[in-house]
Amino acid sequence: MEKASFSSLPALSLLLLLLALALGGGDARPPQPRLVRGVRHMAFDEGYKQIFGDGNLALLQDGRRIHLSLDESTGAGFASQDLFLHGFFSAAIKLPSYYAAGVVVAFYLSNGDTYEKTHDELDFEFLGNVRGREWRVQTNVYGNGSTAAGREERYDLPFDPTDAFHHYSILWTRHRIIFYVDETPIREVVRTAAMGAAFPSKPMSVYATIWDGSAWATLGGRYRVNYKYAPFVAEFADLVLHGCAVDSVERSPSPCGDAAGYEEADAAAAVSAPQRAAMAAFRRGHMSYSYCHDRRRYPVALSECALPVAGAADTLSRLFGPDGMKHDGRRRRPHRARDASS
Ligand SMILES: *[C@@H]1O[C@H](CO)[C@@H](O)[C@H](O)[C@H]1NC(C)=O
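Dropping the structure here:
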C-alpha cells in the first residue's frame, strides 16, 4: 500500500503541476497594441530592479509575474535598469480588488532622480476605489519640471481592472506620446513648438509602484487607506521595454539606430484611421476629466488643447463643465428616458 502511494506521488504532483500551469498560463489577456504584438515579454531581472519595499515585491513564474503589495509597513516598487530616450513601454496590470481607497498604483516614466528641478514624467496612475465603485485612472505629462502645469486626464475604464490583467502602454517618440489601454490608444500628445520643453525630451526610467496616497488619491483624500483590507496586491506581467537605452553615466544615447527607425515608423502606423476612431470613441465615452476643459485652473487653455486630438476643439467640449469634469446632464435628458422605455 505504502509503496503504491509513493509511486503515485510523482504522477499526482505532475498532474497538479500541469493543472497549475493550465490555470496560471490560462489568464486570457486582451490584445496588446498592434505595434508590439509579437514583441517578447521580458523577465523581471532582464530589465528591472527593485527600488523599495523589501519583501513586498515578489517574483512569480520565473520573474514573469511580479506582485507589489502595500501593507502597514511599506509599499513597493521597481524601476528599469536603464534610462531610455524614446520607446514603447508596457505592462499588464491587475489591480487590488474589493476595497482599495487611497491606494495608488502607478506605471510611469520619470527622470526625477536625475533632474531634480527639470524632470520629465509620463504617468499612468490608478487612484484607488471605494468599495463597489470603479478604480479611477489618470494619465499625466510633465516636461522640464513643469509641475505647476499639470496635464491630467481621467477615465472610467470600460472594464473592471481588478478582474483580469489589462495592458497599459506608453509610446514616446520625438514627435508624439500615445497612451494605450490594451490595443486602444486613449490619448495622444503631439509635440508642438508652443509646448516647448513641456514635451518630455530627456532620458527617463520606467517605474511601477504601489503606495499609500491617503492624503489625496481617492476623491481628494476623503477616503483613506483602510489597512483592515491589507495587503493590497497589484500584479504585473507582460513587461515590455522596447526603447533606446541610454548610458546612465554619460547620459548620451547609445547607438540604437534600428530602435529609432522602428519607433518613428510605428508611430506613424499607430495612428491609423481605425485607431483614431477607437481613440475618439474611448475619449467620448470614458474620459471623465481633462485639463483642457478645466477653465478654473486654466482660464485660457494650454496651447496644445486647440489641437483636435486633445478634444477641446471638437464636439467633446460640450460634454464637459468649466471644472473640466464631464457633466452627467445627459442622463437626465428626456431622450434617455425614451431609450429606456423603448
Ligand atoms: C528647462 O527649465 C530650466 C529651469 O527652469 C530652464 O533654465 C531651461 O531653459 C528649460 N529648458 C528648455 C529647453 O526650455
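The C-terminal position of the sequence shown is numbered 338 in the working numbering, with every residue numbered one higher than the one before it. Glycine residues also receive a C-beta, built at the ideal position from the N, C-alpha and C atoms.
Under the criterion of beta carbons closer than 8 Å, Gly124 and Ala97 qualify as touching, at roughly 5 Å.
In the DSSP annotation of this structure, the continuous segment of the alpha helix (DSSP H) that includes Pro270 starts and ends at 269 to 282.
Here the distance from the Cβ of Gly108 to the nearest heavy atom of ligand 1 is not below 7 Å.
The C-beta distance from Lys198 to Asn107 rounds to 6 Å, short enough to fall under 8 Å.
When Cβ pairs closer than 8 Å are counted between the two stretches, the stretch 50 to 70 is seen not to touch the stretch 187 to 198, the count staying below three. At the C-beta level, Glu130 and Asp152 come within 8 Å of one another. Asn140 places its beta carbon 8 Å or farther from that of Ala211. Annotation for Ala297 indicates a beta carbon at 7 Å or more from all heavy atoms of ligand 1. Counted as a single uninterrupted DSSP element, the beta strand (DSSP E) harbouring Gly239 occupies residues 228 to 242. In this structure the stretch 162 to 173 touches the stretch 26 to 35; the number of beta carbon pairs closer than 8 Å is three or more.
By the neighbour-count criterion, in which a residue is buried when 16 or more other Cβ atoms sit within 10 angstroms of its Cβ, Val229 is buried. In this structure, the straight-line span from the alpha carbon of Val186 to that of Glu148 is close to 15 Å. Distances from the CB of Ala145 to the heavy atoms of ligand 1 are all 7 Å or more.
Remark: the C-beta of Ala193 is in contact range of ligand 1, defined as less than 7 Å to any heavy atom. When distances are taken from the beta-carbon of Thr114 to the heavy atoms of ligand 1, the shortest one is below 7 Å.
Taking the CA atoms as reference points, Leu79 sits about 8 Å from Val202. Taking all protein chains in view, the Cβ of Leu235 is crowded by 16 or more other Cβ atoms within 10 Å, so the residue is classified as buried.
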